[in-house]
Amino acid sequence: MIVVMKKNAGSDQVQHVVALIESMNLKSHVIVGTERTVVAAVGDDRKQAKASLESAPGVAEVVPILAPYKMASRELRPEPTQVVAGGLRVGGGHCGVIAGPCSVETEEQILSAARAVKAAGATALRGGAFKPRTSPYSFQGLKEVGLKLMAMARDETGLAVVTEVMSTEDVELVARYADVLQVGARNMQNYRLLEAVGKTDRAILLKRGPSATLEELLLAAEYILDAGNPRVMLCERGIRTFESHTRFTLPLATVTYLHEKTHLPVVIDPSHGTGHAWMVPDMAVAAVAIAADGIIVEVHPQPERALSDGYQSLTYDQFSQMMARCRRVAAAVGVEL
Ligand code: PEP
Ligand code: MN
62 MIVVMKKNAG SDQVQHVVAL IESMNLKSHV IVGTERTVVA AVGDDRKQAK
112 ASLESAPGVA EVVPILAPYK MASRELRPEP TQVVAGGLRV GGGHCGVIAG
162 PCSVETEEQI LSAARAVKAA GATALRGGAF KPRTSPYSFQ GLKEVGLKLM
212 AMARDETGLA VVTEVMSTED VELVARYADV LQVGARNMQN YRLLEAVGKT
262 DRAILLKRGP SATLEELLLA AEYILDAGNP RVMLCERGIR TFESHTRFTL
312 PLATVTYLHE KTHLPVVIDP SHGTGHAWMV PDMAVAAVAI AADGIIVEVH
362 PQPERALSDG YQSLTYDQFS QMMARCRRVA AAVGVEL
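Next up, the structure:
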């Protein structure tokens, strides 16, 4: 339920509503909007709860949230949420650019990539230290050594660090180094992991599972929000279909759909979404054109030598040309990049 407070409601009246909600064993979340304050009451609500909240002082109305995802729903918060992490701004009219290699490989590689993507206009550096690989024989990532190298790159360039956390036992370690914790596609429905990252104070990039519906993605985000972390970014990275010309099928309509249903920002990953470097720039430009809130792009100093995902990684030149195109489109559609 959403308890909409009257415009002139005082903070004591808001606090009273919060106490009333909690006494009903529901969770309360106060959202201070530009127009008025609303209090979300989330949990197993009953008719009686609605009636008693309606009669509390300062309450204008109590409306049910129809979507199964409550906190993520646009019904709860009509204004878009902007997620800020260091210099990265995603959402609310700002398209954030996250770029870097698939995996952190060496000090030289990550520092060079960080300098290059920064010079081309990125505000965050991506790079996996814990890598979810289809085969156990593929490169698994440098783990803590990789995290340290990412932090070193942040110290030098000021870029925010975006890196994946694969399991609950690594959350504390990864959160020590990262500005943004990435929950990968394979872990979108790892509910214990979602709860664990929801308890941290780091922003979260939640990637869509390749066979998950958008409702399942939003319910996964709900776990993080419900655990107390409001800084969630959703990421479309492509889904499994019968098409085999691209690694995955990248539905850009996800941006339009999610903008209607949720206040959370939506990031497009054209690298995993297409699986081919030559297709990435067009999809990134298209994402900017439809007002995606961010893009995450794989860039490598020598893609043919990359230890993971080289075939879908851009060279520095390709990335900087892509950024020039994105800037022109952003200016045309009134998006900050
Ligand atoms: C990645 O970002 O390198 C990655 C493994 O992505 P996904 O979880 O979307 O496959
Ligand atoms: Mn990758």
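For the sequence shown, counting from 1, position 192 maps to 253 in our numbering; every step adds exactly one.
Positions of the beta carbon are idealized from the N, C-alpha and C atoms, including for glycine.
Quick caveat: nothing in here was measured; it's all calculated off a predicted structure.
Item: Just to confirm my understanding: we take P118, look at its own chain, exclude 5 residues before and 5 after, and list those with CB closer than 6 Å. What are they?; Value: Q74
Item: When you measure from the CB of P197 to every non-hydrogen atom of ligand 1, does any distance come out below 8 Å?; Value: no
Item: Would you report the Cα separation of I63 and T95, rounded to the nearest angstrom?; Value: 16 Å
Item: Decide if G161 is buried, meaning its Cβ has at least 16 other Cβ atoms within 10 Å, or exposed.; Value: buried
Item: Using beta-carbon positions only, say whether L203 and S164 come within less than 9 Å of one another.; Value: yes
Item: Let me know if P326 comes out buried or exposed under the rule of 16 or more other beta-carbons within 10 Å of its beta-carbon.; Value: buried
Item: Under the rule that 16 or more other beta-carbon atoms within 10 Å means buried, what is H401, buried or exposed?; Value: In the structure as shown, the chain starts at 62 and stops at 398, and residue 401 therefore has no counterpart that could be examined.
Item: DSSP on K68, reduced to helix/strand/coil?; Value: coil
Item: Inspect the beta-carbon positions of L267 and L255 and report whether they are closer than 9 Å.; Value: yes
Item: Cβ atoms of I92 and V100: under 9 Å apart, would you say?; Value: yes
Item: Just to confirm before moving on: does the CB-CB distance between T335 and R301 stay below 9 Å?; Value: no
Item: Where do the ends of the alpha helix (DSSP H) carrying G207 lie?; Value: 205-218
Item: Would you say the stretch 176-190 touches the stretch 354-373, given that touching needs at least three Cβ pairs under 8 Å?; Value: yes
Item: Using 8 Å as the Cβ pair cut-off and three pairs as the minimum, do the stretch 123-142 and the stretch 227-235 touch?; Value: no
Item: Report the three-state DSSP secondary structure of T95 (helix, strand or coil).; Value: coil
Item: Comparing alpha-carbon positions, which option in V235, D343, G154 lies nearest V396?; Value: G154
Item: Listed by chain order, which residues have C-beta atoms less than 5 Å from any heavy atom of ligand 2?; Value: C163, D370
Item: Starting from R107 and walking both ways along the beta strand (DSSP E), at which residues does that stretch end?; Value: It is not in any beta strand (DSSP E) - R107 carries neither H nor E in the DSSP assignment.
Item: T310 to S196, Cα distance in whole Å?; Value: 22 Å
Item: Name the DSSP beta bridge partners of C296, please?; Value: K268, V328
Item: Tell me whether E277 counts as near ligand 1, meaning its Cβ is closer than 8 Å to at least one heavy atom of that ligand.; Value: no
Item: DSSP three-state label for R187, please.; Value: strand
Item: Let me know the secondary structure DSSP gives A101 once reduced to three states.; Value: strand
Item: Per DSSP, I357 is paired with what?; Value: I159
Item: What are the complete alpha helix (DSSP H) segments, minimum 4 residues, inside the stretch 229-284?; Value: 232-238, 252-259
Item: Could you work out which residue in A391, A392, A385, Y377 is closest to A400 when comparing CA atoms only?; Value: An answer regarding residue 400 cannot be provided, because it is not within the stretch 62 to 398 covered by the chain.
Item: State yes or no: is the beta carbon of V64 nearer than 9 Å to at least one beta carbon in chain C?; Value: The displayed structure is made up of one protein chain only, and chain C is not part of it.
Item: At a cut-off of 8 Å, is R247 close to ligand 1 when judged by its beta-carbon and the heavy atoms of the ligand?; Value: yes
Item: Consider the C-beta atom of P312 and the heavy atoms of ligand 1; say whether any pair is separated by less than 8 Å.; Value: no
Item: Note down, in chain order, each residue of its chain lying with its Cβ closer than 6 Å to the Cβ of T218, except the 5 sequence neighbours on either side.; Value: A175, K179
Item: Name the two residues that bound the continuous alpha helix (DSSP H) containing G389.; Value: According to the sequence displayed, residue 389 carries Arg and not Gly. 377-394 is the extent of the alpha helix (DSSP H) around R389.
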